[in-house]
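Residue numbers (this note's numbering): 23 to 321. Beta carbons are placed, not taken as given, at the ideal position from N, Cα and C, and that holds for glycine.
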Amino acid sequence: MIILLASVALSLRAQTPAAPAAPERQGLEGLKEIPFAALSSQAVGVLGQAALSLRPTEWKHAETENFIYHYFHSHIATPVSVEAEFYYRVIAKDLGKDTSHWERKAHIFVFESADDWSQFQTKAHLDPWTGGIHARNELFITRDPAQKFKGNALGHETAHLVVNRFYGDNVPLWLNEGYAEYISLVSYATFYRARGYQARPHFHNLPATDFLPLKQLTEMVTYPTEVRQVVAFYSESEVLVRFLSGEDKAKFAQFLDLLSKGSTFDTALRVTFGNRFPLAANFENEFKSYANSALLRKD
Ligand SMILES: [Zn+2]
């Protein structure tokens, strides 16, 4: 899931692209709409059914190489399709995974209005702060037609999809959310840089007063109840992933693999980053000082 609050905006400087932006250019071609009955997979889960039951006659459908789209307007869904395929490739590569053998396409449901999203949240029993969700083989996102830059929600949910495909259901909550935030902010900036923007990821800001002890953060199995705590949870998780992935990407992927198979945080850390952090007791202090220095950087 991703938080609805716009606290994770991308820094976009010199917002005049050097060349015509590819998503817009692609938009002229448009996704090719096909009937629901012609989709390569018509199997949708409980959340997918809840989505399709809202304004049931108005959903349109299309496919690309790895995704099936359910949407209302082609000019909204076409840029989504360009980004989704991009994020899928970039995230799999970041984790050193080959997606080419994965034949079953994932479904992406694209909501446009706040009202529709709110009704979906109610039907699906989601927390009101939820701005996007991944459930097994389905992603649900909102795209506000009035916003020029759409945020990292699509990349965030795509990251959950890739992690779920390669690491299963047992990735700890902090790691799942922290990685989805980290890689979606990085790949969102990459996406726009490739289209002529001077874009840099604007990572999370974590007030020192909201810092959770690592034991508490890494053992959480449910989301906090207060919105401020939810924001702190996502922020600290993202900073922790950035800290470890920044040390060594290959070791981070191994660390993720160990935790997904049931290792404790301490064991996974010792096996993968033991040389770098020989004293487990000092790890928290090193991380804290990294988090503090990360706060001082504006981008
Ligand atoms: Zn999430």
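Checking the sheet assignment: what are the DSSP bridge partners for F89? A128
Indicate, with yes or no, if ligand 1 has a heavy atom lying under 7 Å from the CB of A6. What is shown of the chain runs 23 to 321, which leaves residue 6 out entirely.
Contacts around L301, its chain only, beta-carbon distance under 7 Å, and the 5 residues preceding and following it disregarded: none
CB of M242 to nearest heavy atom of ligand 1: below 7 Å? no
Give me the residue from R111, T244, I130 with the minimum Cα distance to E85. I130
Length at least 3, wholly inside the segment 66-115: the beta strand (DSSP E) runs in chain order: 82-85, 89-93
Alpha carbon of K283 to alpha carbon of F188, nearest angstrom: 12 Å
Using only the alpha-carbon positions, how far apart do E87 and E308 sit? 43 Å
Between F162 and L53, is the Cβ-Cβ spacing less than 8 Å? no
Measure the C-alpha to C-alpha separation of A65 and A275 and round it to an integer number of angstroms. 31 Å
Terminal residues of the beta strand (DSSP E) in which Q156 lies: The question names Gln, but residue 156 in the sequence shown is His. Note, H156: beta strand (DSSP E), 152-157.
Does ligand 1 have a heavy atom nearer than 7 Å to the CB of A272? no
Where DSSP assigns a beta bridge to T164, which residues make up the other side? F133
Would V132 pass as a contact of I98 if the rule is Cβ separation under 8 Å? yes
Cα separation between R165 and S140? 13 Å
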